[in-house]
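Take a look at the structure below.
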Amino acid sequence: MAVFEHFQNLYDIRLKPRLLRSLIRDRVPDEKHPFSKPSELSIVVSAVKNHGLLSESSREAVDPKHMENWKSSIDAWIERLLLLVSSKMPDKCWAGICLLGLTCQECSSDRFLASYSVWFQKLLAQIQPPSDSHFVKVASCASLADLFTRLSGFSNIKKDVTSHAGKLIQPVLKLLTDDSSGAVWEGAVDLLCSIINFFPSSVHRHYESVEAAIVSKIMSGKCDSNISKFVHCLALLPRSKGDEDSWSLMLQKILISINVDLNDAFQGLEEAETKSNEVIKHLVPPGKEPPPPLGGNKMQGETSNQATEMSEQLILHRISMLMLCCCRMLTNPYPAQVIVPVRPLLVLVGRVLMVDGSLSQSLLPFLTVMQREFICSELPLLHLCGLDLLTGIIKRVRSQLLPHAADVVRLLTEYFRRCALPALRVKVYSILRILLISMGVGMAQYLAQEVVSNALVDLDSIAHGCGEASSTPCSKAASEGLLLPSYRKRKHGTITGFSEEQQGGVGTEMEAVKGKPITPIAVQTAALQALEALLTVGGALRSECWRQNVDLLLITVATNASNGGWANEEKDIFLLSDEPTSTRTDFQLAALRALLASLLSPARVRPPYLSQGLELFRRGKQETGTKVAEFCAHALLALEVLMHPRALPLVNFPSGDHPDFGQGFNCKFPKNIFSSGLKNNSPFPRGILGKDEIEPESNDDELYSSWLGNDEETEASASIPDKHLESRQELSEKDGRLSTEDHQAEKHPSDLPAGAQFPKEGDRGATDAAHMETGGIKDSIMAQSERVQEIIPNNDVRLQDKDVMVPTGDLTANVVEPNKGKIESSGSDSSKATPALSSEINNKVLMAAADANALPSDQGSLLTTSIVIEKGKKLVLEYNSDASKDSFPDIVDGEPDSD
Amino acid sequence: MEVVIASSPVDAGIGCWDLHSGAEQLRYRSCTSTPHGLACVGQRFLVSSQLRDSSSSSGTILYWSWNKPQVEVKSFPAEPIHPLISNSDGTYIIGGGSSGAIYFWEVASGRLLKRWHAHYRAATCLFLSDDESLLVSGAEDGCIRVWSLFMVFDDIGMEMAKHPYEYSFSEHTLRVTDVVSGYGGCNAIIVSASEDRTCKVWSLSRGKLLRSIDFPSIIDAVALDPGEHVFYAGARDGKIYIAALNAESTPSNIYGKHIIGSLSDNSKGVTCLAFSMDGILLVSGSEDGTIRVWDAKTRNIVRIFRLAKGPINNVLVVRRPLYSNFQTSANSHASLSRRHVPLLPPPLSKYVNSTDEIVDSGAITVPQTPSSDIMDAPYLSSHVLTKQISELQQQSSAATGMEVDRLKLDCKRSLEMVQKWKEMFADLHKFCVDELLGNDQTQTQ
């Protein structure tokens with residue numbers, strides 16, 4: 001009946017049963033026909049997932065008839081699957097199991113709850129003896145795991161499910177012990193992990209046997225490919241009991257086991273006896289029974305027998321796996337409060353890290369060369385595990401690391417000094433970063449020297465790449481100065497050592513120069529990240545000795561990193577294999593991040609490479625759609641606060657009145673802002689150092705008034721003495737030149753008195769607060785007028801300068817308006833505010849003179865463009881003072897004539 | 001729930017009010033706190049050091065859990081402890097003793113991890129910097145010292161250093177009454193108040209005095225505006241002065257240089273100040289036994305709580321876990337481990353125990369709820385399916401195994417078929433033969 005049913009579109013609910021039926025008909029195998037193409041199944045899976053064919057739910061209300069239809073089609077689907085699962089043919093059975101797993105994941109809750117136990121029984125049968133196909137077993141394990149994952153969402157049937165799960169443990173263990181296929185083990189362990197995760201109490205009864213089974217797998221070293229899953233499972237296991245003791249006991253057992261293995265592995269390389277005793281002493285308090293060995297007593301007999309014939313490789317492999325397990329135990333969350341034995345863990349890590357393959361002096365060398373060679377070849381892996389374990393400890397104990405922090409730092413720094421392999425260095429850097437960020441200033445003081453000296457060495461090559469490029473901020477001499485003598489000596493010992501004579505135009509290309517290895521990009525990235533962390537946390541406290549070098553290094557590195565263009569992320573993706581590697585993008589990003597930290601980190605003077613940094617970020621921001629661009633935008637936002645320090649009062653004023661100072665000042669007054677001293681960089685922009693400043697009465701809008709204050713100060717103390725008070729003669733001459741050059745003005749002589757007036761006023765302004773007030777207001781007009789032009793071009797009344805306004809009045813406003821658009825567009829970008837205002841004033845002046853006669857608009861714009869940027873401000877002042885003297889007519893007379 | 005808690009040197013208990021609704025919560029009994037001697041440990045419980053009569057040489061520190069009014073744990077450190085603070089994780093309690101020593105306890109085990117001689121006179125106030133790696137302590141002799149906690153625990157480094165502290169400021173001439181520090185990590189500022197009627201602002205990065213402000217009265221409490229635009233200084237004359245940090249200040253202020261205003265209610269001296277989380281409500285405790293909540297924006301009082309007749313010397317604003325939450329989480333833990341997890345840690349020990357250095361108990365971590373969230377649990381079967389399909393297509397050993405199984409079954413079935421056909425044939429044959437023979441027999445018969 002439903003054959004000819006219509007459906008509206010892709011989203012129509014009537015489509016779903018049709019699709020499902022055709023899938024059942026065409027793609028899902030059945031009893032009768034042979035099952036030839038397994039790849040059909042993936043089509044089924046994707047169709048079911050994409051269309052939500054089993055969901056039985058719809059966003060909008062639907063006709064129950066359609067729903068009924070859908071339901072019956074799903075009934076048919078499940079009927080078919082169950083038929084398949086009980087099929088004798090292994091391939092059909094397999095298909096049925098896989099699709100049943102999918103159904104567990106996709107079907108509606110009601111259906112799932114109604115039939116999960118039937119499905120469970122069906123699947124359970126498949127992992128038990130009569131079935132012997134590996135494929136079927138693996139698929140059943142996966143489907144069962146999904147069944148339990150889904151069940152974990154329903155808390156109301158927890159008890160029931162736990163008993164189901166309990167039934168599963170024995171068969172799964174049997175799979176682990178009897179079966180011989182790695183794939184089946186993996187499936188079984190995955191299932192076990194899911195059960196421990198979601199229904200921990202079901203494993204409770206089988207705790208010992210599970211532990212024994214997993215440990216024997218790890219110890220035997222037979223399953224290489226998926227051993228980390230076993231390790232993960234072992235680390236999860238204590239959760240099935242969920243109490244403090246089982247966690248501690250497990251950790252204790254593992255540590256002792258590692259210790260025993262280390263004794264075997266490091267024979268002759270260290271004083272095994274003392275080191276081992278130290279760990280044990282911390283682990284097992286004197287007078288207490290040591291815990292049973294890992295995996296139960298049965299294991300002990302086995303391992304001791306094996307120990308004699310066990311290869312070194314197996315031992316080392318086991319050590320690293322058990323350390324990984326410790327690490328997992330530390331990092332996985334645990335439901336109960338536990339005591340982390342920090343001291344023994346640290347001693348153990350130290351023991352591993354301190355072995356470097358050199359023979360211990362006090363012992364007779366009874367290692368063969370072969371043995372030593374092998375151990376040395378495996379040591380890096382072991383060290384990596386040791387460092388991972390250290391990371392795990394730091395992450396777990398958080399602030400409680402404090403009593404041990406000094407030990408950790410000493411261990412790390414000593415190790416860092418000797419560590420020369422890239423992967424290890426990357427790891428050490430990352431640990432340093434974690435320590436810095438989590439522990440703050442105190443840690444920064446400890447680590448600063450170490451981080452800086454190592455990073456300088458590692459970033460040496462890239463920093464030197466700019467030797468001959470003159471545009472970059474560092475000259476060769478400067479970059480040589482980066483290396484303090486003591487480090488220069490040492491860097492030959494490391495693989496990053498890269499002597500000065502050999503560095504040529506390395507640039508950003510990561511290539512070997514004259515056969516010498518240069519620092520891999522991953523290490524450089526890690527070094528940059530560590531520097532970033534250091535600057536973030538401790539850039540200000542006692543940083544004088546390294547700060548300058550680091551700042552220089554970072555701008556150099558960032559410049560060089562961007563010299564070859566920004567990396568193409570897409571290209572990186574293609575180059576990438578499965579494992580995450582550090583790419584050029586990462587490196588550039590790390591360089592930019594570190595640069596931002598260097599610019600933002602508190603300092604007493606203006607960051608020396610601010611403008612270069614800004615330029616870099618600005619360029620980076622143009623790389624549309626890349627991470628670099630994203631970060632650069634963020635960096636520019638962060639740096640904006642550095643340019644315009646804010647001291648925001650608690651009161652919030654209406655945002656509409658808030659003057660938007662945005663860009664205009666950024667470019668116009670950079671020198672004045674920063675040359676006005678430390679106070680902009682110190683947390684106290686004004687006066688906290690005991691300086692008393694004469695300030696206007698503070699009003700609510702303190703940010704605004706502080707701006708006025710700043711400007712007035714710069715005007716009064718910096719620009720006026722600099723530019724205007726030098727000599728009246730010069731000033732008037734300049735003005736004259738300006739007007740003659742630009743406008744061919746005849747009124748030059750009459751301009752002179754106005755110019756002569758001006759310095760006097762400036763003199764008074766320096767002392768007279770009232771006059772400074774007016775100066776401030778004029779400046780505010782500069783800013784406001786720009787705004788006014790943009791927002792309310794018509795409303796000239798906003799300008800409060802009486803002197804200017806009185807003669808012009810509202811009469812001129814209408815006439816001025818048409819000009820404005822042009823004026824603004826013609827104004828140069830770098831000095832929007834000044835020309836805009838001056839043009840306006842000029843316009844008004846013109847208006848006043850021309851008695852509101854309509855003026856050709858191109859004159860106004862011509863005038864604006866002709867004003868030189870630097871002189872714009874002077875012109876404004878000049879005109880303002882003119883305005884106060886009411887002496888426009890002369891100027892104005894000149895303007896029309898200039899045409 | 002954001003609550004105001006306040007305590008008094010006279011026994012009036014610890015008052016606890018909901019800051020926003022004003023409703024009074026449980027009052028925790030029998031507390032006579034020292035100034036700066038009230039703290040909340042990791043939002044889990046309250047701790048206060050007690051004023052005791054001078055006859056006993058040891059001090060007293062008490063714990064209250066949120067949901068019981070009685071004192072739950074009592075500790076008796078070796079000497080009276082005045083100021084008391086805890087870090088934000090609630091893993092450590094730091095106390096300043098009357099001898100000038102600073103005590104550093106681990107909360108979870110109660111061990112005294114460190115005790116060091118910090119000042120010549122009794123410590124009066126303690127403050128942790130925002131990254132909790134530096135400790136600022138003030139003393140009766142006017143000395144303020146900044147300690148790096150790492151340095152304190154690093155015995156080897158301590159020996160090499162010239163002095164154990166980072167900075168020592170001795171510009172105050174009389175007892176330091178309060179010390180606070182702001183945001184900004186190593187670039188933060190420290191504001192201190194003293195009985196010499198000044199407040200001083202220090203730079204942490206430079207270790208220098210930045211500004212000294214003279215007040216008309218002795219300042220007992222200081223609170224920093226979260227934006228660090230100004231700071232509030234509670235004075236003994238009952239006013240809360242507002243002093244400029246970043247803000248403009250005019251010379252014509254009526255109170256003095258840098259003081260730009262005041263909050264005033266004509267009450268008795270202000271003894272303690274605290275800011276709410278939103279940085280707008282300022283809570284002050286007064287000598288007259290009341291707690292006032294000010295709106296720092298409008299400078300008006302929005303609420304008044306009354307604790308006691310006597311003075312108040314501690315006010316805190318803390319976020320307190322909701323009752324129901326607290327209990328269910330405790331229950332779930334109990335059910336998980338089938339064991340009651342004690343809510344409060346053991347008492348603080350009296351001495352640094354050198355013998356358990358060996359059996360060092362390590363760090364005690366708080367329980368974490370494992371993320372059994374279904375959202376981040378991956379489903380396996382489709383992943384396994386694709387893997388197996390590709391294996392099938394590549395005809396790997398496992399796949400061929402299945403193929404062989406299938407073929408074997410096919411073969412078996414075919415053999416069965418053959419057998420069946422054979423049987424049928426035999427039957428038919430027999431039948432035919434019988435039939436023929438039968439016919440013959442009948443014919444012959």
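Residue numbers (this note's numbering), protein chains in the order written: chain A, 1 to 899; chain B, 1 to 445. We put the CB at the ideal spot given by N, CA and C, even for glycine.
Would the stretch 524 to 539 of chain A and the stretch 586 to 593 of chain A be scored as touching if the rule is three or more Cβ pairs under 8 Å? The stretch 524 to 539 of chain A makes contact with the stretch 586 to 593 of chain A; the number of CB pairs closer than 8 Å reaches 3 or more.
Let me know the secondary structure DSSP gives B:S83 once reduced to three states. Mapped onto the second sequence, residue 83 of chain B falls at position 83. The sequence shown places Pro at residue 83 of chain B, rather than the Ser named in the question. If DSSP states are grouped into helix, strand and coil, B:P83 belongs with the strands.
Straight-line CA distance for A:K416 to A:E271? Here the question's residue 416 of chain A lines up with position 416 in the first sequence. Here the question's residue 271 of chain A lines up with position 271 in the first sequence. Note that residue 416 of chain A is Phe in the sequence shown here, rather than Lys. Near 22 Å, if we compare the C-alpha coordinates of A:E271 and A:F416.
I need the DSSP call for B:S109, collapsed to helix, strand or coil. In the second sequence, counting from the first residue as 1, residue 109 of chain B sits at position 109. If DSSP states are grouped into helix, strand and coil, B:S109 belongs with coil.
Proximal chain B residues relative to A:T368, where beta-carbon distance stays under 7 Å: Position 368 of the first sequence, counting from 1, holds the residue named residue 368 of chain A. In chain order: nothing, as chain B lies at least about 38 Å away.
Residue environment, A:K427, which counts as buried when at least 16 other CB atoms sit within 10 Å: Looking up residue 427 of chain A in the first sequence gives position 427. Counting of Cβ neighbours within 10 angstroms places A:K427 among the buried residues, the total reaching 16 or more.
Would you report the Cα separation of A:C988 and A:S246, rounded to the nearest angstrom? There is no way to answer for residue 988 of chain A, as the model of chain A reaches only from 1 to 899.
Mind checking B:G15: buried by the 16 CB within 10 Å criterion, or exposed? Taking the first residue of the second sequence as 1, we reach residue 15 of chain B at position 15. Counting the other CB atoms within 10 Å of its CB gives B:G15 a total of 16 or more, which places it among the buried residues.
If the criterion is Cβ atoms closer than 8 Å, does the pair B:I218 and B:Y241 meet it? Stepping through the second sequence from its first residue, residue 218 of chain B is reached at position 218. Stepping through the second sequence from its first residue, residue 241 of chain B is reached at position 241. Pairing B:I218 with B:Y241 gives a Cβ-Cβ distance that is not under 8 Å.
Between A:Y446 and chain B, is any beta-carbon pair separated by less than 8 Å? Residue 446 of chain A sits at position 446 when you count from the first residue of the first sequence. Under the Cβ criterion of 8 Å, A:Y446 is counted among the residues facing chain B.
Minimum C-alpha distance to B:Y453 - residue among B:T198, B:I280, B:I304, B:S168: Residue 453 of chain B lies beyond the stretch modelled for chain B, which goes from 1 to 445, so this question has no answer here.
The alpha helix (DSSP H) with B:K309 in it runs from where to where? As a first step, residue 309 of chain B is located in the second sequence; it is residue number 309 there, counting from the start. Counting along the chain, B:K309 falls outside any alpha helix (DSSP H), and DSSP gives it neither H nor E.
Once DSSP output is grouped into helix, strand and coil, what is the label at A:R542? Looking up residue 542 of chain A in the first sequence gives position 542. Reduced to three states, the DSSP call for A:R542 is coil.
With a threshold of 16 other CB atoms inside 10 Å of the CB of B:F127, please say whether the residue is buried or exposed. In the second sequence, residue 127 of chain B corresponds to position 127, counting from 1. Under the 10 Å beta carbon count, B:F127 is surrounded by 16 or more other beta carbons and is classified as buried.
Taking only three categories from DSSP, how would you classify B:L271? Start at 1 with the first residue of the second sequence, and residue 271 of chain B comes out as number 271. Per the sequence shown, the amino acid found at residue 271 of chain B is Thr instead of Leu. It is a strand residue.
Could you work out which residues of chain B lie near A:L249, taking near to mean beta carbons separated by less than 9 Å? One-based indexing of the first sequence puts residue 249 of chain A at position 249. Neighbours of A:L249 on chain B: none; closest Cβ ~14 Å, over 9 Å.
In chain order, which alpha helix (DSSP H) runs of at least 4 residues are fully inside the stretch 90 to 144 of chain A? Listed in chain order, they are 90 to 106, 109 to 126.
Per DSSP, which residues does B:S75 bridge with? Please list them. In the second sequence, the residue the question calls residue 75 of chain B occupies position 75. According to DSSP, B:S75 bridges with B:I61.
Taking a Cβ distance cut-off of 8 Å, strictly less, list which residues of the stretch 143 to 171 of chain A are near chain B, in chain order. Cβ contacts with chain B come from S143, A145, D146, T149, R150, S152, G153.
Can you tell me where the alpha helix (DSSP H) with A:Y446 in it begins and where it stops? Indexing the first sequence from 1 puts residue 446 of chain A at position 446. Residues 441 to 458.
Determine, using beta carbons only, whether A:F112 comes closer than 8 Å to chain B. The count along the first sequence starts at 1 and reaches residue 112 of chain A at position 112. Output row for A:F112: interface = no.
What residue does the alpha helix (DSSP H) around B:I189 start on, and which one ends it? Taking the second sequence and counting its residues from 1, one reaches residue 189 of chain B at position 189. Secondary structure note for B:I189: it is in no alpha helix (DSSP H), and the uninterrupted beta strand (DSSP E) holding it is 189 to 194.
How is A:R593 classed by DSSP in three states: helix, strand or coil? Within the first sequence, numbered from 1, the residue matching residue 593 of chain A stands at position 593. In the three-state DSSP reduction, A:R593 falls in the helix class (H, G or I).
A:L431 bridges to which residues according to DSSP? As a first step, residue 431 of chain A is located in the first sequence; it is residue number 431 there, counting from the start. Reading off the sequence shown, one finds Ile at residue 431 of chain A, where the question assumed Leu. Bridge partners of A:I431: none, in fact.
Look at the Cβ atom of B:R303, then the Cβ atom of B:T290, and state whether they are nearer than 8 Å. Taking the first residue of the second sequence as position 1, residue 303 of chain B is located at position 303. Taking the first residue of the second sequence as position 1, residue 290 of chain B is located at position 290. No, they are not a contact pair.
Run down chain A in chain order and give the residues with a C-beta less than 8 Å from the C-beta of B:R406. Sequence index remark: in the second sequence, residue 406 of chain B carries index 406 (1-based). Under the 8 Å cutoff, chain A gives M89, P90, D91.
Taking 8 Å as the CB-CB cut-off, is A:L20 touching chain B? Against the first sequence, residue 20 of chain A aligns to sequence position 20. No, no contact with chain B.
For B:A139, report the span of its alpha helix (DSSP H) as first-last. As a working mapping, residue 139 of chain B is identified with position 139 in the second sequence. In the DSSP annotation of this structure, B:A139 is not part of any alpha helix (DSSP H); the continuous beta strand (DSSP E) holding it starts and ends at 134 to 139.
Leaving aside the five residues before and after A:L10 along the sequence, list all residues of the same chain whose C-beta is less than 8 Å from its C-beta, in chain order. Stepping through the first sequence from its first residue, residue 10 of chain A is reached at position 10. Cβ within range, chain order: n/a, list empty.
Cα separation between B:H429 and B:N439? Locating residue 429 of chain B in the second sequence gives position 429, counting from the first residue. Locating residue 439 of chain B in the second sequence gives position 439, counting from the first residue. One Cα belongs to B:H429, the other to B:N439, and the distance between them is close to 15 Å.
With 8 Å set as the bound, which would you pick, yes or no: does the beta-carbon of A:F120 sit closer than that to a beta-carbon of chain B? One-based indexing of the first sequence puts residue 120 of chain A at position 120. It does not; no Cβ of chain B falls within 8 Å.
Span of the beta strand (DSSP E) around B:S262: Walking along the second sequence from the start, residue 262 of chain B turns up at place 262. 259 to 264 is the span of the beta strand (DSSP E), which, as asked, contains B:S262.
To which residues of the same chain is A:D356 closer than 8 Å at the C-beta, ignoring the five residues directly before and after it? Within the first sequence, residue 356 of chain A is the residue found at index 356, counting from 1. Counting only Cβ-Cβ distances below 8 Å, and skipping sequence neighbours, we find L379, R418.
Output, in chain order, the set of chain B residues within a Cβ distance shorter than 8 Å of A:S42. Sequence index remark: in the first sequence, residue 42 of chain A carries index 42 (1-based). Close partners of A:S42 in chain B (Cβ separation under 8 Å): L385, T386, I389.
DSSP three-state assignment for A:R239, whether helix, strand or coil: Position 239 of the first sequence holds residue 239 of chain A. Reduced to three states, the DSSP call for A:R239 is helix.
Label B:Y351 either buried or exposed according to how many other C-beta atoms from any shown protein chain fall within 10 Å of its C-beta, with 16 as the threshold for buried. Against the second sequence, residue 351 of chain B aligns to sequence position 351. Within 10 angstroms of the beta-carbon of B:Y351 lie fewer than 16 other beta-carbons, which makes it exposed.
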